[in-house]
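As they're listed, the protein sequences go chains A and B.
To convert a position in the first sequence, counted from 1, into the working numbering, add 321.
To convert a position in the second sequence, counted from 1, into the working numbering, add 726.
A virtual CB, placed ideally from N, CA and C, is assigned to each residue, including glycine.
Just below is one structure, and these are the notes that go with it.
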Amino acid sequence: MKIEITVPEFAEGAKSIKLRQWLVGVGDAVREGDEIAEATTDKIAVYIEAPADGTVAMFLAQEGDTIEVGQVIAIIEA
Amino acid sequence: MFRDPSLFGRKGRLMKECIHWLDLGLIGYDEAFSLQRRLHEGCWKGTHGDAVLFQENQPVITLGRSGREEHLLWTPERLEAAGIEVREVGRGGDVTYHGLGQIVISPILHFRRYVSTALDYLRALEETVIRLLAGYGLAAGRIEGKTGVWAGGLKVAAAGVAVSHGITMHGLAVNIRPDMEHFSAIVPCGLRGMGVTSLKLLGRGDLSYARVRDDWLAAFESVFGLSAVEWDPKTAPAGTYTPTGKG
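As structure tokens, this is what we get:
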């Protein structure tokens with residue numbers, strides 16, 4: 322089953338969110354709650370978590386990209 | 727109790743949260759950061775509830791997640807001669823100076839218990855300092871497009887937070903009476919041409935660290951609609967309580 326990783330709603334209101342760094346690689350096993358990416362916005366660093374156990378199947382955004390709330394940035398294969 | 731609807735939006739709350747506060751006193755940045763991370767983890771794992779840490783640091787310049795080295799203006803030799811260390815930290819924002827005469831306030835909170843978004847949280851933190859200064863008869867506010875709290879066009883408090891597992895880290899640094907010369911080592915928060923000030927320079931040189939801490943707690947309780955009690959050393963997480971903390 323494919324599970325989408327999205328930019329969390331609580332980052333809403335920020336003018337610009339940037340994907341700073343992936344904390345995992347494609348093919349890595351992750352557990353629910355693991356931090357998988359760092360995003361930065363107006364004076365706020367936000368860590369995006371895996372919503373479920375699985376394996377990182379693909380990235381849909383690159384480090385340095387501007388991303389939006391709700392945007393799918395990666396897929397986990399559960 | 728007044729609550730600014732623009733800060734609290736749809737998050738109405740029926741009961742007051744009760745959280746703990748802990749004053750680490752004068753402490754090295756690395757040690758304090760390690761304690762903060764440990765408390766953050768404890769908060770996430772449910773070992774304890776939300777908390778606020780206070781500290782005063784030996785001189786250190788921190789580079790946030792968007793920090794750029796060109797915003798560091800002194801050479802490594804000059805920084806070393808002045809006793810200022812440099813650290814990269816996991817919070818938003820650019821370059822920040824911490825040192826003696828400044829109170830660093832780090833709420834470790836499930837912030838969505840109080841506000842809806844991380845940006846609302848940042849604005850609410852700024853509001854605590856605006857109210858703190860209002861209590862001292864000082865007019866302060868925000869500047870559109872910039873973070874922190876400003877008085878007379880100068881920054882009196884820096885703000886920068888990190889959110890992990892829905893729990894915050896880092897927070898505020900309020901200038902009480904720091905060595906202002908040290909700020910010339912950086913472009914504060916990457917904002918070239920924007921100066922900094924302190925409570926002392928604003929005419930309140932009489933204020934102590936403990937007084938500012940206690941008054942800020944009152945403003946924090948009011949803005950966030952919670953109550954904060956000092957962590958009893960018997961129940962504080964092991965290794966975090968320092969009896970030498972300023973009281």
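If you measure between the beta carbons of residue i and residue j, is that distance less than 7 Å?
i: A:Glu356; j: A:Ala378; result: no
i: B:Ala904; j: B:Ser924; result: The sequence shown places Pro at residue 904 of chain B, not Ala. Yes, the Cβ-Cβ distance between B:Pro904 and B:Ser924 is below 7 Å.
i: B:Arg930; j: B:Phe780; result: no
i: B:Ala888; j: B:Leu898; result: no
i: B:Val875; j: B:Glu852; result: yes
i: B:His891; j: B:Trp770; result: yes
i: B:Ala877; j: B:Leu864; result: yes
i: B:Pro785; j: B:Gly754; result: no
i: B:His766; j: B:Ile856; result: no
i: A:Ala425; j: A:Leu340; result: Past the boundaries of the shown model lies residue 425 of chain A; chain A is included only from 322 to 399, so the question cannot be answered.
Flag residue i as yes if its beta-carbon sits less than 7 Å from any beta-carbon of chain A, otherwise no.
i: B:Ser890; result: yes
i: B:Val887; result: yes
i: B:Leu1057; result: As shown, chain B starts at 727 and ends at 973. That puts residue 1057 of chain B outside it, with no answer to give.
i: B:Ala682; result: In the structure displayed, chain B extends from 727 to 973; residue 682 of chain B sits before or after that span and is not available.
i: B:Ala844; result: yes
i: B:Thr854; result: no
i: B:Thr773; result: no
i: B:Thr788; result: no
i: B:Thr873; result: yes
i: B:Glu743; result: no
Candidates the options: which alpha carbon is nearest residue i's?
i: B:Ile893; options: B:Lys742, B:Arg764 and B:Gly867; result: B:Arg764
i: B:Arg868; options: B:Thr854, B:Gly751 and B:Tyr862; result: B:Thr854
i: A:Phe331; options: A:Glu370, A:Asp374 and A:Thr376; result: A:Glu370
i: B:Asn1011; options: B:Leu789, B:Leu927 and B:Phe759; result: The question about residue 1011 of chain B has no answer, for chain B in this structure spans 727 to 973.
i: B:Leu752; options: B:Gly827, B:Leu789 and B:Arg804; result: B:Gly827
i: A:Ala350; options: A:Ala366, A:Pro329 and A:Pro372; result: A:Pro372
i: B:Pro937; options: B:Tyr862, B:Gly772 and B:Gly879; result: At residue 937 of chain B the sequence reads Arg, which differs from the Pro that was named. Measuring from the Cα of B:Arg937, the nearest candidate turns out to be B:Tyr862.
i: A:Gly334; options: B:Val841, B:Glu803 and B:Leu835; result: B:Val841
i: B:Asp991; options: B:Lys960, B:Lys881, B:Ile902 and B:Pro959; result: The structure shown has nothing for residue 991 of chain B, since chain B only spans 727 to 973.
Thinking residue i and residue j are a contact (beta carbons under 8 Å), I'd like their distance in whole angstroms, please.
i: B:Ser948; j: B:His896; result: With a Cβ gap of about 22 Å, B:Ser948 and B:His896 do not count as contacting.
i: B:Ala911; j: B:Ile787; result: 6 Å
i: B:Ile745; j: B:Leu952; result: 6 Å
i: A:Ile388; j: A:Ile394; result: 6 Å
i: A:Asp374; j: A:Glu353; result: 5 Å
i: B:Trp747; j: B:Trp957; result: 7 Å
i: A:Lys364; j: B:Leu798; result: That pair is no contact at about 18 Å.
i: B:Val821; j: B:Leu789; result: 6 Å
i: A:Ser337; j: A:Thr376; result: At roughly 31 Å, the Cβ-Cβ gap does not stay under 8 Å, so A:Ser337 and A:Thr376 are not in contact.
i: B:Phe950; j: B:Ala850; result: 7 Å
Can you grab the Cα-Cα spacing for the pair residue i / residue j, in whole Å?
i: B:Thr873; j: B:Ala807; result: 31 Å
i: A:Gly385; j: B:Gly921; result: 29 Å
i: B:Thr970; j: A:Phe380; result: Low local confidence applies: a pLDDT of 48 at B:Thr970 is under 50, so the model's placement there is unreliable, with the coordinate-based value given in what follows. If you take the alpha carbons of B:Thr970 and A:Phe380, they lie about 49 Å apart.
i: A:Gly348; j: B:Leu927; result: 55 Å
i: B:Tyr823; j: A:Gln342; result: 25 Å
i: B:Ala962; j: B:Gly775; result: 11 Å
i: B:Met906; j: B:Gly886; result: 20 Å
i: B:Arg839; j: B:Val778; result: 15 Å
i: A:Lys323; j: B:Asp756; result: 40 Å
i: A:Gly391; j: A:Tyr368; result: 14 Å
i: B:Glu743; j: A:Ala366; result: 25 Å
i: B:Leu880; j: B:Glu796; result: 21 Å
i: B:Leu750; j: A:Gly346; result: 38 Å
i: B:Glu870; j: B:Val913; result: 19 Å
Using a Cβ-Cβ distance under 7 Å, would residue i count as near chain B?
i: A:Phe331; result: yes
i: A:Ala335; result: yes
i: A:Ile365; result: yes
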